[in-house]
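Here the protein sequences line up with chains S and G, keeping their order. All the letters of the first sequence, read from the start, carry residue numbers 1 to 604 under the UniProt record's numbering. All the letters of the second sequence, read from the start, carry residue numbers 1 to 604 under the UniProt record's numbering. All C-beta atoms, glycine included, are put in the ideal place defined by N, C-alpha and C.
Protein chains: 2
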Amino acid sequence: MSTETLKKDILRGGQFLVKETQCEDVFTLEDLNEEQRMMRESTKEFVEREIWAHWERFEKKDYAFTEECMRKAGELGFLSIAVPEAYGGMGMGFVSTMLVCDYISGATGSFSTAFGAHTGIGTLPITLYGTEEQKQKYVPKLATGEWFGAYCLTEPGAGSDANSGKTKAVLSADKKYYSITGQKMWISNAGFCNLFIVFARIEDDKNITGFIVENDPKNGISLGEEEKKLGIHSSSTRQVFFNETKVPVENMLSERGNGFKIAMNALNVGRIKLAAACLEAQRRVTTEAVKYANERIQFKTPIVNFGAIKAKIAQMSINVYAGESACYRAAKNIEDRIAIRVAEGNSHQEAELKGVEEYAIECSILKVAVSEDVQNTTDEGIQIFGGMGFSADTPMEKAWRDARIARIYEGTNEINRMLAVGMLVKKAMKGHVDLLGPATAVGEELMGIPSFETPDFSELFAEEKDLIARLKKVFLMVAGSAVQKFGPDLESHQQVLLAAADILIEIYMAESTLLRTEKNAKREGEAAQEIQIAMTRLYLYEAVDLVIKKGKEAIVSFAEGDEQRMMLMGLKRYTKYTNPPNVVALRNKIADKVAADNRYTFDG
Amino acid sequence: MSTETLKKDILRGGQFLVKETQCEDVFTLEDLNEEQRMMRESTKEFVEREIWAHWERFEKKDYAFTEECMRKAGELGFLSIAVPEAYGGMGMGFVSTMLVCDYISGATGSFSTAFGAHTGIGTLPITLYGTEEQKQKYVPKLATGEWFGAYCLTEPGAGSDANSGKTKAVLSADKKYYSITGQKMWISNAGFCNLFIVFARIEDDKNITGFIVENDPKNGISLGEEEKKLGIHSSSTRQVFFNETKVPVENMLSERGNGFKIAMNALNVGRIKLAAACLEAQRRVTTEAVKYANERIQFKTPIVNFGAIKAKIAQMSINVYAGESACYRAAKNIEDRIAIRVAEGNSHQEAELKGVEEYAIECSILKVAVSEDVQNTTDEGIQIFGGMGFSADTPMEKAWRDARIARIYEGTNEINRMLAVGMLVKKAMKGHVDLLGPATAVGEELMGIPSFETPDFSELFAEEKDLIARLKKVFLMVAGSAVQKFGPDLESHQQVLLAAADILIEIYMAESTLLRTEKNAKREGEAAQEIQIAMTRLYLYEAVDLVIKKGKEAIVSFAEGDEQRMMLMGLKRYTKYTNPPNVVALRNKIADKVAADNRYTFDG
Ligand SMILES: Cc1cc2nc3c(=O)[nH]c(=O)nc-3n(C[C@H](O)[C@H](O)[C@H](O)COP(=O)(O)OP(=O)(O)OC[C@H]3O[C@@H](n4cnc5c(N)ncnc54)[C@H](O)[C@@H]3O)c2cc1C
Ligand SMILES: Cc1cc2nc3c(=O)[nH]c(=O)nc-3n(C[C@H](O)[C@H](O)[C@H](O)COP(=O)(O)OP(=O)(O)OC[C@H]3O[C@@H](n4cnc5c(N)ncnc54)[C@H](O)[C@@H]3O)c2cc1C
């Protein structure tokens, strides 16, 4: 196929906002092929047998056990999914990578953090930026779990401001090695890793530089104590001190001063994978919760029959479903974009790098949305268990604690929210996504007289699609005016940015959910997708609510007088339902099905 | 003063919804008298010295240390505030009781639970329902901390459905004692208490009966292991097993079959005190967070300068301020109602009972609102600390874990939400609160043509007061229609009830906040209350948003066609701002002040 056709078919990163996507063009969990399904099954089996069966050990700060499980995962090939075959990996596509990340993460955040840190930020900088020699030397070991990797970016004084680290790399007189000195903090897998990806500054460079550093205590590397943490109790997290650690010059990653870019690109992949890694935890918690609710009797009836509980179970289910929809949609986009690049003659490495970079906006969106969903789901999980939810003997409280980290690492959710909008605006400036045209059109529409025709909403999702198209206009209206008003100073108007980010996130999540369901309903008929249709409607209803709230908040804060009134009117027009759904009925329908199945069953 | 005047001056429970309260008629933290201020100071001193200085010990499951602190609290008189002087207590008013509950609870949930369980549900059933002999015998010991109390209501099969317990009390042949057998669960203070309030069933009574049971292992009483819990790590929580435990007949509380009532009334007081007990934790977390945000530098600036952080600090501050406003307003109502009853000739015991019962709706409202605020506040506290928030070496994560219990015990928040509306509807049925009249008026207004006059909103809070009056109409519209539609079946429409409850809660919280600020602004001038005015406006803005959301959710779920349209129009009309506040500017103003003070300073 010609690269031109390929290019036309898939949206570029951020374009979802201004282009309409056909449901046929999104990938869904229901589209998994046989190989992917088998991969998923074996991942689930592994988790049940090796991880879930021992969840209590993970709560006891049994770091050695995490390492043991990682080693087993390596033996079974789970660490090598994403690694190119040339370096001993399976070289599977991005969807498969996400699948494993997703289903391997449901039992405990301890293992999933170890897994994510190793296969993601611990390995990727080498596969994405390494020289042939570096890849030959290190990647096969990392792919099999013979070696484990860790990623040393954060320092006591450099967290969100990752490029501000003080760790130094000094070239030796003979130019053969760099001597690295500095203090890294919060390093996952530090306790058992063989290799560190270390970011350090050479002289007074503006940007940091990446290095591959083998772990060797005799080479000036020492570790702090294990951090005492709220959750992920068996994930090793330590400070790492480098004291004149000698690193051969050939272990520099990419070029001098390229470290910040490496760090950010590794984090991009890390973010979407982290989102996936929050899905199975939600499925498990939802399933455990509904099981409990079916069994627990109060007032002579299983509590699952109470509307209060149904609302929770419906919400929990919808959150997973929406998260799945958006994660796998984006994953396939990335996979396709890589394929296009390869077809265009890029090396696989280059292609992967660019493919992921392309969807950095979606990666940030997913990281925020799904990490917050898993928090809410586990929170409701506790509540459904009542007093038992507060007990460490039931699996709810540790899921809640483990979930808390996902909103902090791989870039805090504040940072990722601002990145999502910031990157979009930059793409627009660069002409990669045309926001100006659509934003101008919205501006004109706002001045004009609204149509009073009653649209024909008889087809499935006709009104919902229309609404999503209008939500996009809300974003364009809000973000467009903010850009106009604040210009380059926009970044300092964080609360407006954050509100815009919330709108953007809801659009992507709701649209992905709708497209997935529409695709499946076209294939299988609406009856077969009755519950998914309900979930889609309910997700969108809540999304519209949030867009109203956030849109209003932004508008009343940066616009005044007539402009404010016009925008508030626009907001109303763009968020108006002709036929609002019966929210309670939708919730009950969803919850009743989940209760009847006694588990979450919508993951294709 | 005549009891008639007294009666007229203060609102009855639930009447806030249909009557306008003058700001002069609410009590605020700024109204504390000298004695109360001194009490507060000594409470704070005690906490700093004995509790906060050792917060790490509380995380180490040091149950003995909690007991030691309780004993010290007893020696210093903190356990006897609410206890009548006749029984060795200080006999202070309800406001003072709340004050101590509030300020003693900020350091750790472990101590605050022990304190609450002992002074509240562990002692109150005796002071409220005990015979003179029972009071003489037990209360002085409890007031000094010579003895500690615990409250045994919950059983493995009876949690929310508290009246369904299986514990039996069998009268002996000689009618001298009851023999109690059963299993109680989740009993706070079980590990070190000397006395249990036990609820058990006599024969096949419909309702349970209360007993005072002295702790004596030789009398068939044994304890389970300490529960492993998510939070409040040094609060003793155990199962308590009674095996033919002999209890003299004179230890029955009140009458046979009166236990459920006792349990509920003890919980009423427990709920409002629990709300108070969540306030100082919020103040402390807010203060710790702003201190950190002032110190932590990223991107070359203290993070407190970022809009994202300002929004959090503003929200945290507003939540405490609103919680204080509502808690102390209700506390004084209760204190006054007790005074009226005493003036009318009731015994102090009777008066207190009725006084608290009167405001059961407000107690449920406060329990829900403040327990959720403390969760949100601690959650943002973690987020402001970034990675450090996840560390057990900083005080955020334990505050978050400790906060989680408040939404579960003393009646889950679901139960309390439904109670709040349910009790209100019952009061209306009994004619204690006239809802029908106002609801009918709203119905008529909805049919009529809205006025297009532009109201004069120039006075302080003129628009805000108007809005609150309209929010009340939203509640009447939603709840009124629901009652009409579902009649006695309303209880099974929980999601509508829950939405109504949220509206009710926001009304009470927002109104209380406004009245407090208005009162203080009248006394001190608006300039002196600039920040509080901002907090009030912002709280109300958010409240209106939630009312819109919840109102809409209810309306689209139980009304259809024209009725739905009319109600949605009504909702719009009743929630409309003529001059919406600049949300971002308000937040920044509040956050800047808190940042400049480097702590929360609005507690009068
Ligand atoms: C358990 C755990 C494991 C980790 N694993 C690793 C690892 O393996 N490797 C690694 O390198 N790092 C790791 N980290 C570090 C993690 O990535 C950082 O904690 C995270 O990036 C936040 O940085 P910080 O903790 O310094 O918070 P800060 O950057 O100090 O942030 C504090 C608060 O300020 C906000 N903030 C900061 N800057 C801005 C801004 N410009 N605008 C608005 N708000 C802002 C943040 O959102 C946050 O709310 C880990 C952390 C933890 C807790
Ligand atoms: C740390 C701790 C300390 C405690 N201390 C004490 C104590 O000192 N003394 C004591 O007697 N008890 C104590 N309790 C028990 C506590 O009061 C109960 O846990 C609480 O009332 C909830 O009951 P449950 O745990 O059985 O949950 P359940 O009643 O089983 O509730 C489970 C879920 O169902 C919901 N639900 C239940 N009924 C309904 C309904 N009708 N409609 C809608 N939803 C419903 C609940 O809201 C909850 O979400 C303590 C509990 C804990 C965890």
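Using C-beta distances below 7 Å, list every residue in its chain close to residue i, excluding the 5 sequence neighbours before and after it, in chain order.
i, result
"G/T412", "S160"
"S/E4", "Summary for S/E4: the model assigns pLDDT 47, below 50, so the residue's position carries little reliability; its value from the coordinates is reported in the next sentence. Contacts found: none."
"S/E410", "L267, G270, R271, L274, K367"
"G/F196", "A150, C152, V213, N215, V240"
"S/A591", "K310, I313, A314"
"S/K246", "Y177, S179, N219"
"G/L124", "A266, V269"
"S/M1", "Bear in mind that a pLDDT of 40 at S/M1, under 50, signals an unreliable position, so the model cannot answer this."
"S/D603", "L29, R283, E324"
Are the beta-carbon atoms of residue i and residue j separated by less than 7 Å?
i, j, result
"S/A406", "S/C327", "no"
"G/A107", "G/V47", "yes"
"G/M316", "G/T377", "yes"
"G/G74", "G/G145", "yes"
"G/V583", "S/E491", "no"
"S/L419", "S/G14", "no"
"S/A501", "S/R417", "yes"
"G/V304", "G/A595", "yes"
"G/L29", "G/E352", "no"
"residue 613 of chain S", "S/G551", "Because chain S is modelled from 1 through 604, residue 613 of chain S falls outside the range shown and cannot be assessed."
"S/R201", "S/K175", "no"
"S/G387", "G/W400", "no"
Can you find the residues in the same chain that come closer than 6 Å, C-beta to C-beta, to residue i, ignoring five residues on each side of it along the sequence?
i, result
"S/M509", "A322, A326, A369"
"G/C23", "L515, E518, K519"
"G/M90", "S80, I81"
"G/G224", "R238, Q239"
Hey, residue i and residue j are a contact pair by Cβ (cut 8 Å); roughly how many whole angstroms apart?
i, j, result
"G/I548", "G/M567", "Contact doesn't hold; Cβ gap of about 12 Å is too wide."
"G/C101", "G/K273", "5 Å"
"G/N194", "G/N215", "5 Å"
"G/F94", "G/A331", "5 Å"
Got a sec? Which residues, its chain only, sit under 8 Å from residue i by beta carbon, not counting five neighbours each side?
i, result
"S/S105", "F111, S112, F115, G116, A276, A277, C278, L279, E280, A281"
"G/E226", "K61, Y63, G191, S236, T237, R238"
"G/L540", "E464, L467, I468, A510, T513, L514"
"G/D456", "A462"
"G/A289", "K312, I313, M316, E380, G381, I384, F385, M396"
"S/A527", "none"
Is residue i near ligand 4, judged by its Cβ being under 6 Å from some heavy atom?
i, result
"S/I382", "The model on display carries ligand 1 and ligand 2 but not ligand 4."
With distances taken from CA atoms, which of the options is nearest residue i?
i, options, result
"G/S235", "G/G604, G/T66, G/G480, G/R201", "G/T66"
"G/H432", "G/E358, G/G443, G/F390", "G/E358"
"S/Q495", "G/I262, G/K312, G/I202", "G/K312"
"S/Q192", "S/M70, S/Y539, S/L467", "The question names Gln, but residue 192 of chain S is Phe in the sequence shown. Closest option to S/F192, Cα to Cα, is S/M70."
"S/V170", "S/F242, S/A190, S/P395, S/K141", "S/F242"
"G/D25", "G/A343, G/I10, G/Y103", "G/I10"
"G/I51", "G/R40, G/K72, G/E34", "G/K72"
Does residue i get closer than 7 Å to chain B when you measure Cβ to Cβ?
i, result
"S/S391", "Here the protein chains are S and G, and chain B is not one of them."
Length-filtered (4 minimum) alpha helix (DSSP H) runs lying within the region 419–477 of chain G: Segments of the alpha helix (DSSP H) lying fully in the region 419–477 of chain G: 436–447.
Entirely enclosed alpha helix (DSSP H) segments - the UniProt domain "Acyl-CoA oxidase/dehydrogenase middle" (150–243) of chain G, minimum 4 residues: Taking only runs of at least 4 residues, no alpha helix (DSSP H) segment lies wholly in the UniProt domain "Acyl-CoA oxidase/dehydrogenase middle" (150–243) of chain G.
Whole runs of the beta strand (DSSP E) within the UniProt domain "Acyl-CoA dehydrogenase-like C-terminal" (471–573) of chain G, excluding any shorter than 3 residues: Qualifying beta strand (DSSP E) stretches: none in this window.
Sequence ranges, alpha helix (DSSP H) only - wholly within the region 277–329 of chain G, length at least 4: You should have 279–295.
Runs of alpha helix (DSSP H) lying entirely within the region 60–87 of chain S, each at least 4 residues, in chain order: Correct list: 63–75.
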